[in-house]
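I have placed the structure first, in the form of structure tokens, so that the comments after it can refer back to it.
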Amino acid sequence: MTPAPLQVEGLAKRYGDNTVFENVSMTVSAGEFVAIVGDSGVGKSTLLNCMAGLDHWSAGQVRLQGQDLGPLPDDARALLRRRHVGFVFQAFHVLPHLDVAQNVALPLMLLGTPDPGRVQAMLEAVGLAGLEARLPQQLSGGQLQRVAIERALVHRPGLLLADEPTGNLDPGTAQRVMDALCAQSRAAASALVLVTHSEAAAARADRVLRLTAAGMAPA
Ligand SMILES: Nc1ncnc2c1ncn2[C@@H]1O[C@H](COP(=O)(O)OP(=O)(O)OP(=O)(O)O)[C@@H](O)[C@H]1O
Ligand SMILES: [Mg+2]
0 MTPAPLQVEG LAKRYGDNTV FENVSMTVSA GEFVAIVGDS GVGKSTLLNC
50 MAGLDHWSAG QVRLQGQDLG PLPDDARALL RRRHVGFVFQ AFHVLPHLDV
100 AQNVALPLML LGTPDPGRVQ AMLEAVGLAG LEARLPQQLS GGQLQRVAIE
150 RALVHRPGLL LADEPTGNLD PGTAQRVMDA LCAQSRAAAS ALVLVTHSEA
200 AAARADRVLR LTAAGMAPA
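What the sequence shown shows, in numbering that gives the first Met the number 0, is residues 0 to 218, in sequence order.
Set out below in structure tokens:
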């Protein structure tokens, strides 16, 4: 049986005596779309970073594609992340000196499997055809966020983690970015974990979970 893209078991994050969250357990199945909601400061971004092995936790376990991240050194985590995870940050994090096509192609370049046709098809699918040679500073917020989404999905990761990807956008643009995110993650057969404050975005999910200091529960 193929392992679930993501399994979190009894996860806790503390800074000294200060507990951000504890007892967080959840499993995300292949192709599933799970939304995570919760109050500001409860630790949603921290949790997403732990899921990607970008942050360290105080107790519990994170498994990506069945692989326990805990004992892995940072370079091994990076390799696992590169192959299996896409990450959409709230603040885009596109590389300013690479053009649109180069930004989207980056994960494939890092994996040694360049595929210009795939990059082109993905840009076309989200209405970015013709903008390949633009630099990020020459794009709108909604266009930038679509570049970030395509970059996160271009290598068809088993798991896409998205941290409030529509947080900085007007409602109309936010809806179009969510359309792109849902359609493209489905097309890549990627499981999607979306952190959001938007009820409209959460309503599209297969399941909505609420993070509190005491753990994770159905919303
Ligand atoms: N170095 C640190 N020391 C102590 N506490 C910290 C540190 N870094 C972050 N925190 C705390 O961790 C908590 C979780 O922050 P996080 O950014 O994950 O929240 P969030 O749920 O994503 O909030 P938002 O909805 O506003 O994005 C916050 O309460 C923050 O104050
Ligand atoms: Mg956050």
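Even glycine gets a Cβ: it sits at the ideal position worked out from N, Cα and C.
Excluding residues up to 5 positions away in sequence, Ala104 and Leu107 lie with their Cβ nearer than 7 angstroms to the Cβ of proline 113 in the same chain. It is roughly 30 angstroms from the alpha-carbon of glutamine 183 to the alpha-carbon of glycine 214. In the displayed model, glutamine 101 falls within a helix according to three-state DSSP. Looking from the CA of proline 4, the closest CA among Met121, Val41 and Leu159 belongs to Leu159. Taken atom to atom, the span from the alpha-carbon of threonine 211 to that of aspartate 38 is near 8 angstroms. DSSP places proline 217 in the strand class (E or B) of the three-state scheme. DSSP places arginine 175 inside the alpha helix (DSSP H), whose first and last residues are 170 to 186.
Proximity annotation: ligand 1 has residues Tyr14, Val19, Ser39, Gly40, Val41, Gly42, Lys43, Ser44 and Thr45 in chain order, each selected because its CB is closer than 5 angstroms to a heavy atom of the ligand. By the Cβ test, the segment 12 to 26 is in contact with the segment 54 to 61, since at least three Cβ pairs between them sit closer than 8 angstroms.
Under the criterion of beta carbons closer than 8 angstroms, leucine 109 and arginine 81 qualify as touching, at roughly 6 angstroms. Approximately 6 angstroms separates the beta-carbon atoms of leucine 180 and proline 164; this is inside 8 angstroms, confirming the contact.
In this structure, Gln64 is the residue among Gln64, Val23, Asn102 and Val41 with its C-alpha nearest to the C-alpha of methionine 0.
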